[in-house]
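The structure appears right after this line, and notes come after that.
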Amino acid sequence: MLRYSKDAAVQNTQPTAAIGAAEPFTLITETAAISAETHGGRAKCLQRLIRLGLPVPRSVALPFATVHEIAAGHFVDFAPLVAAFEAGRLLSVRASSLDPDWGGPGAILNIGMSAAMRERLAPTIGEAAADALWLRFIHAYAVHVARLDPELFELPAQADAAAIERALVVYEEETEEPFPQSLEAQLGEVLRSMARAWEGPTARLLRQARGAPADAGLGLVVQEMALGLGPPESGAGVIQFVDSATGEPQITGRYLSQSQGREAVVPGATGAIYLTRDPRGPSLEELCPRCFGQLVEYGRLCRERLREEMQIEFTLSAGRLHVLDAVRVARSARAAVRIAVDLAEDGIISRADALLRVPPRALTDLLHPQVDPACRRDVLARGVAASPGAAVGRLVFTSTAAQAAAARGEKAILVRRETTPEDVRGMHAAAGVLTERGGMTSHAAVIARGLGVPCVVGADIEIDQRERRVHCADGRVIGEGEIVTLDGSAGEVLAGAAPLVEPALDGAFRKLMDWAEAASDIDIRANADTPADAERARNFGARGIGLCRTEHMFFEEDRLGVMREMIFAETAEDRAAVLEMLLPMQREDFLQLFRIMEGLPVCIRLFDPPLHEFLPHDREGLRELAESLDLPIAEVTRRVEALSEFNPMLGMRGVRLGITVPEIYDIQARAIFEATVEAKAEGAHVVPEIMIPLVSARREVELVKTRIDAVAAAVRNERA
Numbered sequence: 000m001l002r003y004s005k006d007a008a009v010q011n012t013q014p015t016a017a018i019g020a021a022e023p024f025t026l027i028t029e030t031a032a033i034s035a036e037t038h039g040g041r042a043k044c045l046q047r048l049i050r051l052g053l054p055v056p057r058s059v060a061l062p063f064a065t066v067h068e069i070a071a072g073h074f075v076d077f078a079p080l081v082a083a084f085e086a087g088r089l090l091s092v093r094a095s096s097l098d099p100d101w102g103g104p105g106a107i108l109n110i111g112m113s114a115a116m117r118e119r120l121a122p123t124i125g126e127a128a129a130d131a132l133w134l135r136f137i138h139a140y141a142v143h144v145a146r147l148d149p150e151l152f153e154l155p156a157q158a159d160a161a162a163i164e165r166a167l168v169v170y171e172e173e174t175e176e177p178f179p180q181s182l183e184a185q186l187g188e189v190l191r192s193m194a195r196a197w198e199g200p201t202a203r204l205l206r207q208a209r210g211a212p213a214d215a216g217l218g219l220v221v222q223e224m225a226l227g228l229g230p231p232e233s234g235a236g237v238i239q240f241v242d243s244a245t246g247e248p249q250i251t252g253r254y255l256s257q258s259q260g261r262e263a264v265v266p267g268a269t270g271a272i273y274l275t276r277d278p279r280g281p282s283l284e285e286l287c288p289r290c291f292g293q294l295v296e297y298g299r300l301c302r303e304r305l306r307e308e309m310q311i312e313f314t315l316s317a318g319r320l321h322v323l324d325a326v327r328v329a330r331s332a333r334a335a336v337r338i339a340v341d342l343a344e345d346g347i348i349s350r351a352d353a354l355l356r357v358p359p360r361a362l363t364d365l366l367h368p369q370v371d372p373a374c375r376r377d378v379l380a381r382g383v384a385a386s387p388g389a390a391v392g393r394l395v396f397t398s399t400a401a402q403a404a405a406a407r408g409e410k411a412i413l414v415r416r417e418t419t420p421e422d423v424r425g426m427h428a429a430a431g432v433l434t435e436r437g438g439m440t441s442h443a444a445v446i447a448r449g450l451g452v453p454c455v456v457g458a459d460i461e462i463d464q465r466e467r468r469v470h471c472a473d474g475r476v477i478g479e480g481e482i483v484t485l486d487g488s489a490g491e492v493l494a495g496a497a498p499l500v501e502p503a504l505d506g507a508f509r510k511l512m513d514w515a516e517a518a519s520d521i522d523i524r525a526n527a528d529t530p531a532d533a534e535r536a537r538n539f540g541a542r543g544i545g546l547c548r549t550e551h552m553f554f555e556e557d558r559l560g561v562m563r564e565m566i567f568a569e570t571a572e573d574r575a576a577v578l579e580m581l582l583p584m585q586r587e588d589f590l591q592l593f594r595i596m597e598g599l600p601v602c603i604r605l606f607d608p609p610l611h612e613f614l615p616h617d618r619e620g621l622r623e624l625a626e627s628l629d630l631p632i633a634e635v636t637r638r639v640e641a642l643s644e645f646n647p648m649l650g651m652r653g654v655r656l657g658i659t660v661p662e663i664y665d666i667q668a669r670a671i672f673e674a675t676v677e678a679k680a681e682g683a684h685v686v687p688e689i690m691i692p693l694v695s696a697r698r699e700v701e702l703v704k705t706r707i708d709a710v711a712a713a714v715r716n717e718r719a
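Each residue of the sequence shown is one higher than the last, beginning at 0 in numbering that gives the first Met the number 0.
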């Protein structure tokens, strides 16, 4: 049971007896047994703020175990909890989960408000403010605690005695009991409601989707209210000291007189003022310079002692400053890098800590345009975030349409049920790719990441290919040519053209990369299939090419026809003759890679995919192929069907194809060796490596290596 001193007038006063983690309630003091693992992150943060000497209102933490007992319906005596606070004070309850990203029930303010309390407050804060406070609490309690229909308790423009009476009557009619007037009764119901909300199946699924374990606990923090109402200057606001988008030092936030909680930053809030002096309007710095100076000092303390950039929620009550909470500043990928680097350079954290504070995904996002985090998002569909970045463009439903749009200089979003190798050219031309099916390892996802194109796969949409329309889960329909925004980092499709933030590889990013390089004991190689990929990889400090997928080179328009002619060749001699046409193209590809990656290893994977991936499957494509080969369409169709496989991974591909159609690997090996000779003749130091794909037996390697060695010897003799 909680024990406390009734003479305790301030938060930092010690309880008369030690309060352990096993207690049902714990008064938050400098020395109380509070931990994030038992009481949640908010409770622990409040204790840290108290240790810094910040004016935190008196607060009590309920551990996970107590909240679980409350949710299970077990009896919990709330009288000691109420007794921990001075009589006649209003209270608030806020959720305290281990990780703030897991969410939790919203805060309930002004617990203890009643008709009697309204009469006590009216002389201090004014009749109108007291009526508004009483009516707002009835609304919040009815909707969020009693779970009544919000439409029954819509707040009128004018809060007066008549509006309050109507709300109380509706509450009693709906619940068949009068509105509770005692603090203990209200607090008990609020705690039960929040505990049960956390344990509900919907909340459980939502937090599991955010990475929380199924049995994640919830703590609750009961805090004395700082009203923010009445004379002299009273109100509430939030303040932070860096820009959430860029990470640059900048005081941002809002303050709203005669308000509570986070009303100042609610969209549409009227009357909110700036914090620093601003020519556009009044500011807190001018209104209450002493309070503003205190907030700046508190921000400095949090940064230096908590070793983090924090957003502070504060209330002014009769001119006195109260700090209600502090949370880690929300930040973009760019801001995360800047904040980590600045903290390290100021000696607050180590460089190693700075590296660990930047999520790897954030660096990936930095390399691509992103949707402006400050913009309003009208989400049409959600799916798997398969390739990072964002793009705005018109919907197209075929690769041909995507290429045509690119030729006109227009941005296009290619939407398909799922992509195939035939779509690679369209994906390359498109600004983004959206598919109805697929996951992180689907064709669309893998190719889009390789191309650096934003991609969302497995979206909750239905594609009508015939009508060229997309049916969204919410009933909306978007057609070909309509503009959408594809957010491959968040896995969302947005209506219209959302504002984008271009990548900014500034000094902070470079410094972080230098620190990572200094700390690294491994080398990173890049996937690069084209000279442009290799150039980009070299600029980012890659220590070579770990995989060059040569089949992507064959999908180029001027080479695809040659590949198809080779596939339809009847004899080995015919195949070799056709492949000779590809030799100079492949040699030039490899030569450019060797020049760009001079002195670094380049690992070239020999031809891997099954041949049917290079062939068309739709009737129009089959007809065009038959015309180009001067063959009957029936013959072309028969050959395409014969090459198709039910499970290509176990079929004729990789090393198995190299053994049965050795001319392909012969010509590739010759291109590699001839490019090596030419690059060395130019003075470049070349480190070529050859990868044989999909090997399952030593004999396969022996057979292929023998032919590669023979090609190497032939080139050596020819170029001696």
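By construction, the Cβ of each residue, glycine as well, lies at the ideal position given by its N, Cα and C atoms.
Item to check | Candidates Glu626, Val714 and Pro692: closest to Arg586 by CA position | outcome: Val714
Item to check | As assigned by DSSP and simplified to three states, the class of Arg524 | outcome: coil
Item to check | Cα-Cα separation, Glu223 to Ala156 | outcome: 28 Å
Item to check | Spatial distance of Pro122 from Gln185 (CA atoms) | outcome: 24 Å
Checklist entry - Which class does Val241 belong to by DSSP, given the choice of helix, strand or coil? => result strand
Next on the checklist: Report the start-end ranges of each beta strand (DSSP E) in the region 80-139 that is 3 residues or longer and not cut off at the edges.
Outcome noted: 90-96 and 107-110
Next on the checklist: Rounding to the nearest angstrom, what Cα-Cα distance links Arg718 and Ala680 in this structure?
Outcome noted: 11 Å
Item to check | Which of helix, strand or coil DSSP assigns to Arg715 | outcome: helix
Checklist entry - Around the Cβ of Ala641, are there at least 16 other Cβ atoms within 10 angstroms (buried) or fewer (exposed)? => result exposed
Next on the checklist: What ranges does the beta strand (DSSP E) occupy inside the region 562-624, keeping only unbroken runs of at least 3 residues that lie completely in it?
Outcome noted: 600-604
Checklist entry - Cα separation between Phe74 and Val144? => result 18 Å
Item to check | Those residues which DSSP pairs with Gly236 across a bridge | outcome: Tyr254 and Phe313
Next on the checklist: Could you compute how far the alpha carbon of Phe539 sits from the alpha carbon of Ala533?
Outcome noted: 10 Å
Next on the checklist: Quick check: what's the CA-CA separation for Val357 versus Arg333?
Outcome noted: 10 Å
Next on the checklist: Less than 6 Å between C-beta atoms, sequence neighbours within five positions excluded: which residues of the same chain meet that for Arg306?
Outcome noted: Ile347 and Ile348
Item to check | Cβ neighbours of Ala727 in the same chain (closer than 6 Å, five flanking residues each side left out) | outcome: Shown here, the chain extends from 0 to 719; a query on residue 727 therefore has no answer.
Checklist entry - Mind pulling the beta strand (DSSP E) runs of 3 or more residues that sit fully within the region 462-542? => result 468-471, 476-478, 482-486 and 491-494
Next on the checklist: Using DSSP's beta-bridge definition, name the partner residues of Cys547.
Outcome noted: Ile603
Checklist entry - What residue range is occupied by the uninterrupted beta strand (DSSP E) comprising Leu45? => result Taken as a continuous stretch (DSSP letters only), Leu45 belongs to no beta strand (DSSP E), being part of the alpha helix (DSSP H) at Gly40 to Arg50.
Next on the checklist: Using a 10 Å radius around the Cβ and a threshold of 16 neighbouring Cβ atoms, would you call Ala78 buried or exposed?
Outcome noted: exposed
Next on the checklist: Just to check my reading of the structure: Ala158 and Asp130 have Cβ atoms closer than 8 Å, yes? What is that Cβ distance to the nearest angstrom?
Outcome noted: 5 Å
Checklist entry - Do Val654 and Glu626 have their CB atoms nearer than 8 Å? => result no
Checklist entry - Less than 8 Å separating the beta-carbons of Val456 and Gly382? => result yes
Checklist entry - How is Ser627 classed by DSSP in three states: helix, strand or coil? => result helix
Next on the checklist: I need the DSSP call for His143, collapsed to helix, strand or coil.
Outcome noted: helix
Item to check | First through last residue of the alpha helix (DSSP H) which encompasses Leu228 | outcome: Counting along the chain, Leu228 falls outside any alpha helix (DSSP H), and DSSP gives it neither H nor E.
Checklist entry - On the premise that Ala235 lies in contact with Pro258, defined as a C-beta separation below 8 Å, what is that separation, rounded to the nearest angstrom? => result According to the sequence provided, residue 258 is Ser. The question's Pro does not apply to it. The Cβ separation is near 5 Å, so the contact holds.
Next on the checklist: Closer than 8 Å is the cut-off here; do at least three beta carbon pairs connect the region 507-517 with the region 480-487?
Outcome noted: no
Next on the checklist: Given this structure, state the Cα-to-Cα distance separating Pro631 from Leu204, to the nearest angstrom.
Outcome noted: 57 Å
Checklist entry - Among Gly408, Gly425 and Glu501, which one has its Cα closest to the Cα of Thr399? => result Gly425
Checklist entry - Residues in its own chain within less than 6 Å of Ala20 by CB, not counting five upstream and five downstream? => result At Ala20, the pLDDT of 40 sits below 50, so the modelled position is not reliable and the matter cannot be decided from this model.
Next on the checklist: Just to confirm my understanding: we take Ala541, look at its own chain, exclude 5 residues before and 5 after, and list those with CB closer than 7 Å. What are they?
Outcome noted: Ile523, Arg524 and Ala525
Checklist entry - Can you list, in chain order, the stretches of the beta strand (DSSP E) that have 3 or more residues and sit fully within the region 313-386? => result 319-327, 378-381 and 383-386
Next on the checklist: Based on DSSP bridge pairs, tell me the residues matched to Met690.
Outcome noted: Arg604
Checklist entry - Rounded C-beta distance between Gly218 and Pro62? I'm assuming under 8 Å. => result 6 Å
Checklist entry - If you draw a straight line from the alpha carbon of Glu550 to that of Arg279, how long is it in whole angstroms? => result 59 Å
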